[in-house]
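Single-structure report; data block below.
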Amino acid sequence: MIQTVVLSTPRAVSTAVADFLTRAVGSTPGLVLGLPAGGTPIPLYRALVDRYRAGRIDFSRVATFNLDEFCGLAPDDPRTYRAFMRTHLFDHVNIPLERAHLLDGAARRWREEIAQFETKLAALGGLDLAIVGIGNNGHIAFNEPGPALIARTHRVRLTPATRRANAEAFGNRWRAVPTHGLTMGMGTIASARGVVLIATGAHKATIVRRALTGMVTPQVPASLLQLHPNLVVTLDRAAAAKL
Ligand code: PGA
Numbered sequence: 051m052i053q054t055v056v057l058s059t060p061r062a063v064s065t066a067v068a069d070f071l072t073r074a075v076g077s078t079p080g081l082v083l084g085l086p087a088g089g090t091p092i093p094l095y096r097a098l099v100d101r102y103r104a105g106r107i108d109f110s111r112v113a114t115f116n117l118d119e120f121c122g123l124a125p126d127d128p129r130t131y132r133a134f135m136r137t138h139l140f141d142h143v144n145i146p147l148e149r150a151h152l153l154d155g156a157a158r159r160w161r162e163e164i165a166q167f168e169t170k171l172a173a174l175g176g177l178d179l180a181i182v183g184i185g186n187n188g189h190i191a192f193n194e195p196g197p198a199l200i201a202r203t204h205r206v207r208l209t210p211a212t213r214r215a216n217a218e219a220f221g222n223r224w225r226a227v228p229t230h231g232l233t234m235g236m237g238t239i240a241s242a243r244g245v246v247l248i249a250t251g252a253h254k255a256t257i258v259r260r261a262l263t264g265m266v267t268p269q270v271p272a273s274l275l276q277l278h279p280n281l282v283v284t285l286d287r288a289a290a291a292k293l
């Protein structure tokens with residue numbers, strides 16, 4: 051069942067999701083979380099840092115698994131999602147770094163890298179909660195639109211749309227954005243016991259409508275989440291405008 055929550059502003063969305071996460075970690079301190087990079091979750095991470103500093107949330111037993119990463123960038127490259135996570139969350143809260151799992155997009159043996167990532171996640175019982183954004187093209191993590199989807203963590207060729215959406219960190223030159231990424235598969239994400247989809251801004255209104263009310267199709271990977279038994283969609287008014 052989809053529960054849709056519409057709030058006035060991106061800030062209200064981040065407050066609501068941060069409060070939800072604070073309660074979830076309060077009742078399950080060892081929560082296993084799937085986390086996104088991107089513009090949408092930045093205010094959410096800021097709200098979580100505020101709650102941590104106020105003593106309201108303790109991440110010391112939490113485990114996190116990031117949804118995706120660019121291929122070909124060294125792990126210390128400031129343009130990686132690993133760097134993004136440190137800047138916006140990990141450097142400011144008490145998540146033990148050995149419990150913050152990120153794919154290494156520079157791994158030569160990427161097949162081993164993705165297998166190990168799935169094994170570590172499975173050893174912790176899979177995701178309790180996946181927080182996901184949605185791309186303008188309907189992708190979830192780097193699961194791009196196409197004739198078929200790959201269920202588990204895999205290497206993917208990024209679409210021009212995704213490379214354009216990420217161009218800012220690469221001098222606004224979309225061709226400088228890596229051509230490939232590693233991503234959790236839709237099956238891995240949809241196996242989470244709960245999924246929270248967040249979308250904000252008028253530019254997301256059309257894809258939010260297609261994903262939530264259109265056909266379930268791999269051409270809109272987010273539409274698969276319609277099948278999830280425990281999906282909460284949290285939108286600001288602008289992103290919900292076409293529902
Ligand atoms: P955004 O990206 O948060 O930067 O809009 C969302 C996504 O591509 O999943």
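Residue numbering for the sequence shown follows our numbering, starting at 51 and increasing by one per position. Beta carbons are placed, not taken as given, at the ideal position from N, Cα and C, and that holds for glycine.
Cβ-heavy atom distance, residue i to the ligand PGA, below 7 Å
i: P86; result: yes
i: G305; result: In the structure as shown, the chain begins at 51 and stops at 293. Residue 305 is therefore absent and cannot be evaluated.
i: A215; result: yes
i: G183; result: yes
i: H189; result: yes
i: T284; result: no
i: T233; result: no
i: G76; result: no
i: T90; result: yes
Cβ neighbour criterion (16 or more within 10 Å) applied to residue i
i: D154; result: buried
i: D141; result: exposed
i: H204; result: buried
i: M234; result: buried
i: D286; result: buried
i: A226; result: exposed
i: R213; result: buried
i: S110; result: exposed
i: G84; result: buried
i: P146; result: exposed
i: T130; result: buried
i: P279; result: exposed
i: N144; result: exposed
i: P79; result: exposed
i: G185; result: buried
Distance between residue j and residue i (C-alpha atoms, nearest Å)
i: V282; j: L174; result: 23 Å
i: L117; j: V67; result: 18 Å
i: F115; j: I239; result: 10 Å
i: G231; j: W160; result: 10 Å
i: L171; j: L177; result: 7 Å
i: F134; j: L123; result: 13 Å
i: N222; j: S77; result: 43 Å
i: A290; j: R96; result: 23 Å
i: R73; j: R260; result: 31 Å
i: G237; j: F167; result: 14 Å
i: V246; j: R158; result: 32 Å
i: T229; j: T250; result: 26 Å
i: R136; j: R202; result: 25 Å
i: L57; j: T263; result: 19 Å
i: A87; j: P93; result: 11 Å
i: P91; j: D108; result: 19 Å
i: Q119; j: K292; result: Here residue 119 is Glu; the residue named in the question, Gln, does not match the sequence. Cα to Cα, E119 sits roughly 31 Å from K292.
i: E162; j: H151; result: 15 Å
i: S241; j: I181; result: 13 Å
i: G105; j: T54; result: 29 Å
i: M51; j: T59; result: 24 Å
i: V266; j: L277; result: 8 Å
i: T284; j: L275; result: 14 Å
Q. Are the region 92-111 and the region 202-217 in contact at 8 Å, needing three or more beta carbon pairs?
A. With a cut-off of 8 Å, the region 202-217 and the region 92-111 do not count as touching, because too few Cβ pairs lie within range.
Q) Counting pairs of Cβ atoms below 8 Å between the region 268-278 and the region 184-202, do you hit three or more? A) yes
(Q) With a threshold of 8 Å, are at least 3 pairs of Cβ atoms found where one atom belongs to the region 213-228 and the other to the region 256-266? (A) Because the criterion of three Cβ pairs below 8 Å is not met, the region 213-228 and the region 256-266 do not touch.
(Q) Under 8 Å, with one C-beta from each stretch per pair, do the region 124-132 and the region 184-192 reach the 3-pair mark? (A) no
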